[in-house]
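Heads up: the structure comes next, in structure tokens.
Here is the structure:
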């Protein structure tokens, strides 16, 4: 197959590590031809260009700043990107007939691009649903269901679902949500297609773990509870800071690694409060972050308690890859906590419940050995979140709809 992948992620090679890069490599391993459309933001001061190698062709489209940009430029950039991508595809991929167009949310503004490719090439379209917008913005108080902007985005969302031949949701809770809130959709096109990765082994011995901890001035004898990833409003990070402040266990140390719109506020909190049981680090390159993560003991997931949509943070996979148990402090609608509890590799807590959070921390801090939980974490990854699973689901969906590859 010839596959067109549309993304807002800055991809320069499929050999990079990441949700989408791992999936694209799986397609490449199975002899499919890859064409990727990815942004080169204004701040990089580059015109639209192509990257070609033996495995893929990447079309880097000049866009406005979309990631880590102010709200005005981010909004205009998100609106403009549909036209920018469509123009670039027409110019650079005009002689290529695609069999599959694959894309994810965010954004929800690729509908015209997808429709153009479908009409031109009779292409099968598959949406990887990673974000339910605009409802997530409503939950965070950024939009109101009564205003015109919400109605505009909701109309865009519905069109995206309609133009998609298949919709892969991150979990069964997501499948249910999409079906319940979009009753006019053909339910046969909706399936669970979880976040997946191509795992790399990180089996460090005790000496190596201590060496890494010393590099970052972390305690060598404490149980380190780590939060890694985006630091933004969707994570409801006040509860994380309160957890650090209220923790009573002497053997627990919290490590936060990441960046986002809330980083500066969190950094200010650390400067003012000077906690002796926690450390905040800015984002690290993927390789360095993975090594640091592998020296920690327990993974932390935080989600804003006001979410009505069932988010499923991809950072879970990094923790499972490192064979760590997980505490998921979330809203009541996501099923990520149920999944880790059913796999006996973690505990769920409703965000804001300090008593249950402390009990979960104490449980993992007091256990003499985490080996059983570690093994269960890796077992869950192997059974449910390896990239071959996502690839097979897409291929099977295409074959079942009599699109020949």
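In UniProt numbering, the protein residues as written are 1 to 405.
From the three backbone atoms N, C-alpha and C, an ideal C-beta is built for every residue, glycine too.
Because the structure is a prediction, the values reported are computed rather than measured.
With a 10 Å radius around the Cβ and a threshold of 16 neighbouring Cβ atoms, residue 315 comes out buried. Its chain contains 325, 326, 373, 376, 377, 380 as the residues whose beta carbon lies nearer than 7 Å to that of residue 345, once the 5 sequence neighbours on both sides are disregarded; these appear in chain order. Three or more pairs of CB atoms, one per stretch, sit closer than 8 Å, so the segment 162 to 169 contacts the segment 389 to 397. With at least 16 other beta carbons inside 10 angstroms of its own, residue 361 counts as buried. Contact between the segment 132 to 151 and the segment 32 to 39 is absent: fewer than three C-beta pairs spanning the two stretches fall below 8 Å.
A direct Cα-to-Cα measurement between residue 137 and residue 233 gives close to 10 Å. Cβ contact annotation for residue 393 (same chain, cutoff 6 Å, sequence separation greater than five): 193, in chain order.
Put simply, the backbone Cα of residue 337 is about 30 Å away from that of residue 184. Per DSSP, reduced to three states, the secondary structure at residue 58 is strand. CA-to-CA, the gap between residue 190 and residue 46 works out to about 38 Å.
Judged by DSSP secondary structure, residue 25 falls within the alpha helix (DSSP H) whose first and last residues are 19 to 29. Around the beta-carbon of residue 311, 16 or more other beta-carbon atoms lie within 10 Å, marking it buried. When the beta-carbon positions are compared, residue 148 and residue 85 stay at least 8 Å from each other. Residue 209: member of the alpha helix (DSSP H) spanning 206 to 215, first to last residue. In the displayed model, residue 200 falls within coil according to three-state DSSP, outside both helix and strand.
The three-state reading of DSSP puts residue 128 in strand, counting E and B together. Within its own chain, the residues whose Cβ lies closer than 6 Å to the Cβ of residue 263, once the five positions on either side in sequence are excluded, are 231, listed in chain order.
Taking 8 Å as the cut-off, the beta carbon of residue 3 is found closer than this to the beta carbon of residue 98.
Residue 243 counts as buried, since no fewer than 16 other beta carbons sit within 10 angstroms of its beta carbon.
Runs of the beta strand (DSSP E) spanning 3 or more residues and lying entirely within the segment 68 to 133 occur at 100 to 105, 124 to 129, in chain order. The three-state secondary structure of residue 287, taken from DSSP, is helix.
Taken in chain order, the unbroken stretches of alpha helix (DSSP H) that lie wholly in the segment 223 to 277 and span 4 residues or more are 238 to 246, 263 to 273.
In the DSSP assignment, residue 346 falls within the unbroken beta strand (DSSP E) covering 346 to 350. Taking the Cβ atoms as the reference, residue 201 lies roughly 19 Å from residue 228, outside the contact range of under 8 Å. In the structure shown, the three-state DSSP call for residue 337 is helix.
By the C-beta density criterion, residue 25 is buried, having at least 16 other C-beta atoms within 10 angstroms. A check of alpha carbon separations from residue 65 across 51, 44, 58, 82 identifies 44 as the nearest. Between the alpha carbons of residue 91 and residue 371 lies a distance of about 55 Å.
In the DSSP assignment, residue 7 is bridged to no other residue.
In the three-state DSSP reduction, residue 185 falls in the coil class, being neither helix nor strand. Annotation: residue 319 is outside any beta strand (DSSP E); the continuous alpha helix (DSSP H) that includes it extends over 315 to 321. Assigned with DSSP and collapsed to three states, residue 312 falls in coil, not helix or strand. Membership of residue 149 in the alpha helix (DSSP H) is indicated by the continuous run 148 to 163.
The Cβ atoms of residue 82 and residue 109 sit closer than 8 Å to each other.
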